[in-house]
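Enquirer: With positions in the sequence shown counted from 1, the corresponding number in the numbering used here is that position plus 246. Positions of the beta carbon are idealized from the N, C-alpha and C atoms, including for glycine. Computed from a prediction, not measured in an experiment: that's the story for all the values here.
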Amino acid sequence: MSVSTAPLVATELRLHRRHHVLAATGAMTALWVPLLVALPAPWRADALAWLLLLDIATLGLYFAPALAVVERANGVTAALRLTRLTPLRALAVRVATLALWAVGAAAVLLAVTRVAAWPTVLLGVVLTSVLFSLLAIAMVGRAETLTTYLARVPLVAGPLLLPALLRGTGLVDSPMLALSPVTGALDLLTGRWSAAHAGWLLVAIGLLGLMVVRLGFDVRPQRFAPAGRWPTLRPFAGPRWWRVARSYATTDVRTLLGDRLLLLLLVGVPIIAVAVRVASGVGLDWLEQRHGVDASQHLPVMWAFVLVVHLPVMAGTLAGLLFLEDRDADLLPALTTTRASLHTLLAYRLTVTVTAAAAFMAAGMLIAGVRHPLGWPGLLLTALAGATVSVVPAMLLASLGRDRVQGMALMKMMGLPLYVPIAWWYVDGPAGWLFGLIPTGWAAQTFWATSVPQALGFGVGAMASSAVLAVVLARHLLRSVT
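#1: Taking the alpha helix (DSSP H) that L281 falls in, what are its first and last residues?
#2: Candidates A603, L533, T634 and T597: which alpha carbon is nearest F704's?
#3: Would V554 be called buried (16 or more neighbouring beta carbons within 10 Å of its own) or exposed?
#4: Using CA coordinates, which residue listed in M659, L715 and G527 is at the minimum distance from M548?
#5: Excluding five sequence neighbours on each side, which residues of the same chain lie with their C-beta closer than 7 Å to the C-beta of L294?
#6: Given this structure, state the Cα-to-Cα distance separating P400 from T394, to the nearest angstrom.
#7: Between which residues of its own chain and G632 is the CB-CB distance below 6 Å, once the five residues before and five after are set aside?
#8: Determine the burial state of L719: buried for a count of at least 16 other Cβ atoms within 10 Å of its Cβ, exposed for fewer.
#9: If we call anything under 8 Å between Cβ atoms a contact, is A605 one with V522?
#10: Give every residue of the same chain whose Cβ lies closer than 8 Å to the Cβ of L373, excluding the five residues on either side of it in the sequence, and list them in chain order.
#11: Do you know whose CA, among T391, L530 and L591, lies nearest V195's CA?
#12: Could you name the residues of the same chain whose beta carbon sits closer than 8 Å to that of L567, not counting the 5 residues immediately before and after it, in chain order?
#13: Within its chain, find whatever has a CB closer than 6 Å to the CB of L664; leave out the 5 residues flanking it on each side and keep chain order.
#14: Is the number of C-beta pairs between the segment 297 to 310 and the segment 654 to 663 that are closer than 8 Å three or more?
#15: Work out the CA separation of V552 and L625 for me, nearest whole Å.
#16: Tell me the rounded alpha-carbon separation between L570 and G647.
#17: In whole angstroms, what separates the C-alpha of E390 from that of A640?
#18: Leaving aside the five residues before and after L592 along the sequence, list all residues of the same chain whose C-beta is less than 7 Å from its C-beta, in chain order.
#19: If you draw a straight line from the C-alpha of V418 to the C-alpha of G514, how long is it?
#20: For a test of the three-state rule: what should DSSP assign to W439, helix, strand or coil?
#21: Since T696 contacts V637 with CB under 8 Å, what's their CB separation in whole angstroms?
#22: Inspect the beta-carbon positions of I668 and A565 and report whether they are closer than 8 Å.
#23: Within the continuous alpha helix (DSSP H) that includes P740, where are the two ends?
#24: How big is the Cα-Cα spacing for L620 and V698?
#25: Is T391 helix, strand or coil when you go by DSSP?
#26: Within a Cβ cutoff of 6 Å, which residues of the same chain sit near L277, ignoring the five residues on either side of it in sequence?
#27: Using only the alpha-carbon positions, how far apart do L724 and S645 sit?
#28: Out of G272, A424 and L456, which has the shortest C-alpha to C-alpha gap to A442?
#29: When burial is assigned at 16 or more other CB atoms within 10 Å of the CB, is E534 buried or exposed?
#30: Could you name the residues of the same chain whose beta carbon sits closer than 7 Å to that of M224, not counting the 5 residues immediately before and after it, in chain order?
#31: Can G272 and L380 be called in contact, C-beta distance under 8 Å?
#32: Residues in the same chain with beta-carbon distance under 7 Å from L344, minus the five sequence neighbours each way, listed in chain order, please.
#33: Assign A252 to buried or exposed, taking buried as 16 or more other Cβ atoms, counted over all protein chains shown, within 10 Å of its Cβ.
#34: For H262, which residues in the same chain have their Cβ closer than 6 Å to its Cβ, ignoring the five residues on either side in sequence?
#35: Report back the beta-carbon spacing between A351 and T436 to the nearest angstrom; my notes put them in contact at under 8 Å.
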């Protein structure tokens with residue numbers, strides 16, 4: 247290591263430690279270990295490959311853009327051009343550090359699963375991690391907010407992941423799928439060595455590296471809008487709380503429209519619902535005809551996972567990231583000194599989050615053609631319970647994340663605990679009530695309830711547990727800001 251690179255590596259390690267990147271990776275790995283151990287031995291290798299592809303090797307998709315946005319806001323990227331440190335060296339250190347954490351997590355999971363072809367798997371982890379880190383930095387580009395990045399992720403990462411998913415699940419088997427480097431990455435993560443796949447991954451990494459050096463680490467003077475281009479702001483009429491709420495709403499809508507994230511959500515939710523509908527019909531028939539597997543008994547689990555848990559968590563996560571954008575812009579401390587108090591912002595944004603989650607769930611269930619044992623009353627109770635759960639990820643990010651990087655770390659850590667209660671479907675007796683410690687478990691049970699008293703009880707449980715967590719986290723947020 248050269249003398250000029252050593253301080254950069256030390257700084258990068260301190261940055262990761264301060265933003266809890268390593269802690270998030272360790273916590274995530276610790277959560278996956280018992281789940282892998284609980285699987286039957288023949289399933290572990292395949293499960294590990296998917297886990298490495300979709301979670302461990304994707305660390306860069308979370309942390310690389312967040313670090314880039316925060317550094318750009320703090321002027322670190324601009325200062326880079328005043329030093330002898332080249333953008334390529336800074337990029338290499340960041341990508342290598344993220345790959346190191348991914349390899350460490352993969353090594354632990356490999357020790358648990360005892361995969362024989364572990365050298366090939368570790369090589370796959372390194373190459374896949376580097377690929378996703380470079381892809382994330384290229385996608386964030388010169389954006390100043392993470393919402394811009396999140397709007398771009400499905401449009402870029404989706405087409406790259408889809409061929410690997412189609413081939414890995416056996417839905418489609420075509421040589422054309424290998425055009426995506428992620429398809430070859432999945433083969434390596436499964437332990438199947440292929441020089442062609444490794445070479446194609448290296449080519450993709452090289453091309454992305456050249457692009458990122460030009461786009462991700464380039465600094466250009468900020469261009470301001472010409473005079474007269476800014477819209478004229480008119481004061482809102484009505485009570486003060488209404489004027490403040492409308493002001494917040496106008497700002498959020500402009501932010502989401504400017505990042506195209508709102509449009510993506512309006513299109514994305516129907517796409518998810520259509521995918522659920524297809525999987526519930528054609529997908530089940532295909533599984534039974536090709537593999538002789540009758541998965542109809544697991545349909546309620548899939549419906550609950552996607553429509554009752556994922557859609558509200560998605561809405562809450564977006565709200566939490568908006569809070570972190572405000573925190574990084576020093577808006578939250580400023581609100582404590584104005585009449586537009588932080589309490590008003592919390593009340594407004596959580597109300598919008600619950601409303602958006604309810605709309606997502608209603609649209610998703612309608613398009614997916616999901617049925618509830620109790621009919622429309624059951625669907626209504628499920629929508630209310632699931633929508634209330636959306637405040638949990640929102641407040642976890644807003645209260646525990648000090649900036650956008652820590653927010654992405656929290657997203658990694660809270661993902662598995664929020665989705666694990668879906669397993670309540672398979673656990674009978676008192677042990678199942680352990681999943682009730684997490685509000686998403688109550689929401690799922692509301693969807694599975696077979697009687698009105700059951701649905702009411704689980705729905706109230708979801709709302710009450712979410713409200714308690716929201717109040718505790720809101721108090722922590724108010725104390726930390728004031």
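Expert: Reading off the structure:
#1: Counting from 1 along the sequence shown, the entry for residue 281 is found at position 35. Where L281 is concerned, the enclosing alpha helix (DSSP H) stretches over V267 to A284.
#2: Translated into the one-based positions of the sequence shown, residue 704 becomes position 458. The candidate whose alpha carbon is nearest that of F704 is T634.
#3: Taking the sequence shown and counting its residues from 1, the one referred to as residue 554 is at position 308. Burial call: buried.
#4: Locating residue 548 in the sequence shown gives position 302, where the first residue counts as 1. Closest by alpha carbon: G527.
#5: Position 48 of the sequence shown holds residue 294. L282, L355, T359 and V361.
#6: Here residue 400 is taken as the residue at index 154 of the sequence shown, counted from 1. Here residue 394 is taken as the residue at index 148 of the sequence shown, counted from 1. Looking at the two C-alpha atoms, the distance is approximately 12 Å.
#7: Taking the first residue of the sequence shown as 1, we reach residue 632 at position 386. V554, P558, M607 and A689.
#8: Position 473 of the sequence shown, counted from the start, is the residue given in the question as residue 719. With 16 or more other Cβ atoms within 10 Å, it is buried.
#9: The sequence position of residue 605 within the sequence shown is 359, counting from 1. The sequence position of residue 522 within the sequence shown is 276, counting from 1. No, the Cβ-Cβ distance between A605 and V522 is not below 8 Å.
#10: Numbered from its first residue, the sequence shown carries residue 373 at position 127. Around L373: A431, L434, A444, L447, L448 and I451.
#11: The first residue shown for the chain is 247 and the last is 728, placing residue 195 beyond what the model contains.
#12: Within the sequence shown, the letter at position 321 stands for residue 567. Only L392, T393, L396, L643, R650 and G653 meet the Cβ criterion.
#13: Start at 1 with the first residue of the sequence shown, and residue 664 comes out as number 418. Around L664: V559 and T686.
#14: yes
#15: Numbered from 1 along the sequence shown, position 379 holds the residue referred to as residue 625. Numbered from 1 along the sequence shown, position 306 holds the residue referred to as residue 552. Rounded to the nearest angstrom, the two C-alpha atoms are 15 Å apart.
#16: Sequence index remark: in the sequence shown, residue 570 carries index 324 (1-based). Sequence index remark: in the sequence shown, residue 647 carries index 401 (1-based). Their Cα atoms are separated by approximately 7 Å.
#17: Counted from its first residue, the sequence shown places residue 390 at position 144. Counted from its first residue, the sequence shown places residue 640 at position 394. The alpha-carbon atoms of E390 and A640 are separated by roughly 21 Å.
#18: For the purposes of this step, residue 592 is taken as residue 346 along the sequence shown, with counting starting at 1. Correct list, in chain order: A720.
#19: One-based indexing of the sequence shown puts residue 418 at position 172. One-based indexing of the sequence shown puts residue 514 at position 268. Rounded to whole angstroms, V418 to G514 spans 23 Å at the Cα level.
#20: Looking up residue 439 in the sequence shown gives position 193. W439 falls in the coil class under three-state DSSP.
#21: Locating residue 696 in the sequence shown gives position 450, where the first residue counts as 1. Locating residue 637 in the sequence shown gives position 391, where the first residue counts as 1. Not a contact, Cβ separation roughly 27 Å.
#22: Start at 1 with the first residue of the sequence shown, and residue 668 comes out as number 422. Start at 1 with the first residue of the sequence shown, and residue 565 comes out as number 319. No, the pair does not count as a contact, with Cβ atoms beyond the cut-off.
#23: Any property of residue 740 remains undetermined from this structure, which presents the chain solely from 247 to 728.
#24: The residue labelled residue 620 in the question sits at position 374 within the sequence shown. The residue labelled residue 698 in the question sits at position 452 within the sequence shown. Cα to Cα, L620 sits roughly 7 Å from V698.
#25: In the sequence shown, the residue the question calls residue 391 occupies position 145. Of the three classes helix, strand and coil, the one that applies to T391 here is coil, per DSSP.
#26: As a position in the sequence shown, residue 277 is number 31, starting the count at 1. Cβ neighbours of L277 beyond the five flanking positions: L662.
#27: Against the sequence shown, residue 724 aligns to sequence position 478. Against the sequence shown, residue 645 aligns to sequence position 399. Going by the C-alpha atoms only, they are around 8 Å apart.
#28: Numbered from its first residue, the sequence shown carries residue 442 at position 196. Nearest option by C-alpha distance: A424.
#29: Here residue 534 corresponds to residue number 288 of the sequence shown, with the count starting at 1. Exposed, by the Cβ-count rule.
#30: With the chain represented from 247 up to 728, any question about residue 224 goes unanswered, as that position is not in the structure.
#31: Your numbering for residue 272 matches position 26 in the sequence shown. Your numbering for residue 380 matches position 134 in the sequence shown. No, the pair does not count as a contact, with Cβ atoms beyond the cut-off.
#32: Within the sequence shown, residue 344 is the residue found at index 98, counting from 1. If we look at L344 and ignore the five residues flanking it on each side, its Cβ neighbours are L305, G306, F309, A310, S375 and S379.
#33: Residue 252 sits at position 6 when you count from the first residue of the sequence shown. It is exposed - the Cβ of A252 has fewer than 16 other Cβ atoms within 10 Å.
#34: Along the sequence shown, read from residue 1 onward, the residue named residue 262 stands at position 16. For H262, where only same-chain residues beyond five positions count, the Cβ hits under 6 Å are L268.
#35: Position 105 of the sequence shown holds residue 351. Position 190 of the sequence shown holds residue 436. Incorrect: roughly 17 Å between the Cβ atoms, too far for contact.
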